[in-house]
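Following: one structure in structure tokens, then a few remarks.
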Amino acid sequence: MVKTKINCSEFSDSEIISKSLEDLDYFRCIYERYKKKLKNYIKKISGFNNDEIEDILQNAFINIWKNIN
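Everything in the sequence shown is counted per the numbering used here, starting at 10 for the first residue and increasing by one.
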């Protein structure tokens, strides 16, 4: 089965979250939409290096996913 690429800009956050409950690929839209903003925020408020920030981001998005399910 060939999947088509999701055009994330077509959907609001709430639509993406609803759709991600049935198709995990939609959650990537949330990740892509907020990764840079969240990474910059963490960098600004902490003294962490990029590897540590990536770990924090990964844990944050895992927790987000767990909490919407």
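Every residue gets a Cβ at the ideal spot worked out from N, C-alpha and C, and that includes glycine. Fair warning: this is a prediction, and the values are worked out from it, not measured in the lab.
- C-alpha of Ile15 to C-alpha of Glu24: approximately 13 angstroms in a straight line.
- Taking the CA atoms as reference points, Leu30 sits about 13 angstroms from Ile39.
- Exposure of Phe57 is indicated by the presence of fewer than 16 other C-beta atoms within 10 angstroms of its C-beta.
- In the DSSP assignment, Asp64 falls within the alpha helix (DSSP H) that extends over 59-77.
- Distance check between Arg37 and each of Asp22, Tyr50, Lys48 places Asp22 closest, using alpha-carbon atoms only.
- Here Leu66 has Lys44, Leu47, Lys48, Ile51 as same chain residues with Cβ atoms under 8 angstroms from its own Cβ, once five neighbours each way along the sequence are excluded.
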